[in-house]
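S.K.:
In the numbering used here, the protein residues as written are 121 to 428.
1) Nearest CA to the CA of residue 405: which residue from 238, 349, 139?
2) In whole angstroms, give me the CA-to-CA distance for residue 137 and residue 165.
3) Give me the Cα-Cα distance between residue 236 and residue 274, rounded to the nearest whole angstrom.
4) Please report the residue range of the beta strand (DSSP E) in which residue 323 lies.
5) Mind checking whether residue 283 and residue 301 have CB atoms under 9 Å apart?
6) Taking 8 Å as the limit between beta carbons, can you name the residues of its chain near residue 324, skipping five residues before and five after?
7) Quick check: what's the CA-CA separation for residue 290 versus residue 147?
8) Hey, how far is the Cα of residue 365 from the Cα of residue 413?
9) Whole angstroms is fine: what's the gap from residue 298's alpha carbon to residue 277's?
10) Indicate whether residue 259 and residue 228 have their beta-carbon atoms separated by less than 9 Å.
11) Rank 356, 342, 280, 230 by C-alpha distance to the C-alpha of residue 309 and give the top, closest one.
12) So, are the CB atoms of residue 418 and residue 132 less than 9 Å apart?
13) How is residue 177 classed by DSSP in three states: helix, strand or coil?
14) Going by other Cβ atoms of all chains shown within 10 Å of its Cβ, with 16 needed for buried, is residue 428 buried or exposed?
15) Take residue 159 as the anchor and find which of 368, 140, 177, 171 has the nearest alpha-carbon.
16) Give me, in chain order, the residues of the same chain whose beta-carbon lies closer than 7 Å to that of residue 243; leave out the 5 immediate sequence neighbours on both sides.
17) Less than 9 Å between the beta carbons of residue 179 and residue 144, yes or no?
18) For residue 371 and residue 234, I'd like the C-alpha separation in whole angstroms.
19) In terms of residues, what are the limits of the beta strand (DSSP E) holding residue 233?
20) Could you tell me the distance, in whole angstroms, from the CA atom of residue 407 to the CA atom of residue 279?
21) Does the Cβ of residue 283 lie closer than 8 Å to at least one heavy atom of the ligand ZN?
22) For the candidate residues 176, 369, 354, whose alpha-carbon lies nearest to that of residue 336?
23) In the DSSP output, what is residue 359 paired with across the bridge?
24) Express the C-alpha separation of residue 425 and residue 126 in angstroms, rounding to a whole number.
25) From residue 398 to residue 285, what distance separates their C-alpha atoms?
26) Is the CB-CB distance between residue 368 and residue 387 below 9 Å?
27) Report yes if the CB atom of residue 422 is closer than 9 Å to the CB atom of residue 130, and no otherwise.
28) With distances taken from CA atoms, which of 389, 162, 149 is nearest residue 183?
29) For the beta strand (DSSP E) containing residue 409, name the first residue and the last one.
30) Which residues in the same chain have their Cβ closer than 8 Å to the Cβ of residue 415, if we skip the five residues on either side of it in sequence?
31) Helix, strand or coil, according to DSSP, for residue 271 in the structure here?
32) Are the beta-carbon atoms of residue 248 and residue 208 separated by less than 9 Å?
33) Throw me the rounded Cβ distance for the residue 378 and residue 395 pair, which I believe falls under 8 Å.
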């Protein structure tokens, strides 16, 4: 992101093996989305993508993790450790955590890209992992129909919960007080305080992605033309965004200069940016940008420019 006007950068992974980036700028009070990054990163479909302030990582059904330095815009090579599709990636501090269909979770150091630990315990492919804001523990869900709590300090499994469903997504709230698990069209909200299901929400359609806008409100997107915003605490519907698309594959929230945005990527190749005015109880949401990628997005990450 070389331009000083860039608020943030959107990078998507695609079925067509590409990573595509778009910088979001403001010019004359209008939002402009400019191509910023393009690379054929993998030999097969990109399954997941994650970013930190400096690095970008993508995982694929080709069983590799590709690394990029987004400051220099240079490829850094591949991490070859998993013996199955890479299904989930997340950065936390100086670590990258990866999940795979080979039943394992790997903890990588971003200092030298060494695999520090391979977490084993799941009996089937790992679908998703989410790190607690403290960085001390993580939750993972798997095709073995369990939820595992990992002690990241000791590098081992702490608890195993039989959830009796092949959950696709798990996500901590920003303050770590709640976490979400999604299975097909259902989202379950768990309270850490009483370790129980607080609310169950039926999205009515298959869920593809979830993102938190703040400690209480999260967005759910999937195989319909709307994004629904729900309250964690009440489980009630807060707002609905008419995205006018068949399937939303990815949704991400970002806050820049105290301004809130939501970004959606749909299967027909459209990326849309929505501005959220959350200064009043009744949020005002309107679309401020749109671009057609010409590809089929599978996943998305947002990179926010830092002052470093």
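Yeah, the Cβ is synthetic: ideal placement off N, Cα and C, and Gly gets one too.
M.R.: This is what the structure gives:
1) For the purposes of this step, residue 405 is taken as the residue at position 285 of the chain shown. Considering only alpha carbons, the answer is 349.
2) As a working note, residue 137 is residue 17 in the chain shown. As a working note, residue 165 is residue 45 in the chain shown. Whole-angstrom Cα-Cα distance: 5 Å.
3) Residue 236 sits at position 116 when you count from the first residue of the chain shown. Residue 274 sits at position 154 when you count from the first residue of the chain shown. One C-alpha to the other measures close to 12 Å.
4) To locate residue 323, count along the chain shown from 1; it is residue 203. Where residue 323 is concerned, there is no enclosing beta strand (DSSP E), given that its DSSP letter is neither H nor E.
5) Counting from one through the chain shown, the residue named residue 283 turns up at place 163. Counting from one through the chain shown, the residue named residue 301 turns up at place 181. Taking 9 Å as the Cβ cut-off, residue 283 and residue 301 qualify as a contacting pair.
6) Numbered from 1 along the chain shown, position 204 holds the residue referred to as residue 324. Within the same chain, residue 324 has close Cβ partners 305, 344.
7) By one-based count along the chain shown, residue 290 stands at place 170. By one-based count along the chain shown, residue 147 stands at place 27. Whole-angstrom Cα-Cα distance: 37 Å.
8) The sequence position of residue 365 within the chain shown is 245, counting from 1. The sequence position of residue 413 within the chain shown is 293, counting from 1. Approximately 14 Å, taken between the alpha carbons.
9) To locate residue 298, count along the chain shown from 1; it is residue 178. To locate residue 277, count along the chain shown from 1; it is residue 157. So the alpha carbons of these two residues sit roughly 20 Å apart.
10) Your numbering for residue 259 matches position 139 in the chain shown. Your numbering for residue 228 matches position 108 in the chain shown. For residue 259 and residue 228, no; Cβs fall outside 9 Å.
11) Taking the first residue of the chain shown as position 1, residue 309 is located at position 189. Out of 356, 342, 280, 230, 356 has the C-alpha closest to the C-alpha of residue 309.
12) Within the chain shown, the letter at position 298 stands for residue 418. Within the chain shown, the letter at position 12 stands for residue 132. It is a contact, given that the beta carbons lie within the stated cut-off.
13) In the chain shown, the residue the question calls residue 177 occupies position 57. Residue 177: strand per DSSP, three-state reduction.
14) As a working note, residue 428 is residue 308 in the chain shown. Confidence at residue 428 is low in this model, with a pLDDT of 48, below 50, so its placement is unreliable and the value that follows should be read with caution. Answer is exposed; the Cβ neighbour count stays below 16.
15) Working through the chain shown from its first residue, we reach residue 159 at position 39. Nearest of 368, 140, 177, 171 to residue 159, Cα basis: 140.
16) In the chain shown, counting from the first residue as 1, residue 243 sits at position 123. Excluding residues within five positions, the ones whose Cβ falls inside 7 Å are 223, 264.
17) Taking the first residue of the chain shown as 1, we reach residue 179 at position 59. Taking the first residue of the chain shown as 1, we reach residue 144 at position 24. Not closer than 9 Å, so no.
18) As a working mapping, residue 371 is identified with position 251 in the chain shown. As a working mapping, residue 234 is identified with position 114 in the chain shown. Between residue 371 and residue 234, the C-alpha separation is close to 30 Å.
19) Taking the chain shown and counting its residues from 1, the one referred to as residue 233 is at position 113. For residue 233, there is no enclosing beta strand (DSSP E), since its DSSP letter is neither H nor E.
20) As a working note, residue 407 is residue 287 in the chain shown. As a working note, residue 279 is residue 159 in the chain shown. Taking the straight line from one Cα to the other gives about 43 Å.
21) With respect to the ligand ZN, the structure offers nothing, as it holds no ligand at all.
22) Along the chain shown, one-based indexing puts residue 336 at 216. Ranking 176, 369, 354 by Cα distance to residue 336 puts 354 first.
23) Numbered from 1 along the chain shown, position 239 holds the residue referred to as residue 359. Its beta-bridge partners are 349.
24) Residue numbering aside, residue 126 sits at position 6 when the chain shown is read from its first letter. Residue numbering aside, residue 425 sits at position 305 when the chain shown is read from its first letter. Roughly 8 Å between the two C-alpha positions.
25) Along the chain shown, read from residue 1 onward, the residue named residue 398 stands at position 278. Along the chain shown, read from residue 1 onward, the residue named residue 285 stands at position 165. Approximately 35 Å between the Cα atoms of the pair.
26) Counting from one through the chain shown, the residue named residue 368 turns up at place 248. Counting from one through the chain shown, the residue named residue 387 turns up at place 267. Taking 9 Å as the Cβ cut-off, residue 368 and residue 387 qualify as a contacting pair.
27) By one-based count along the chain shown, residue 422 stands at place 302. By one-based count along the chain shown, residue 130 stands at place 10. Yes, they are a contact pair.
28) By one-based count along the chain shown, residue 183 stands at place 63. It is 162 whose Cα lies nearest to the Cα of residue 183.
29) In the chain shown, the residue the question calls residue 409 occupies position 289. Where residue 409 is concerned, the enclosing beta strand (DSSP E) stretches over 404 to 412.
30) Position 295 of the chain shown, counted from the first residue, corresponds to residue 415. These residues qualify, in order along the chain: 132, 134, 135, 136, 138, 140, 389.
31) As a first step, residue 271 is located in the chain shown; it is residue number 151 there, counting from the start. Correct three-state label for residue 271: strand.
32) As a working note, residue 248 is residue 128 in the chain shown. As a working note, residue 208 is residue 88 in the chain shown. Going by C-beta atoms, residue 248 is nearer than 9 Å to residue 208.
33) The residue you call residue 378 lines up with position 258 of the chain shown. The residue you call residue 395 lines up with position 275 of the chain shown. About 12 Å separates the CB atoms of residue 378 and residue 395; that is not less than 8 Å, and the two are not in contact.
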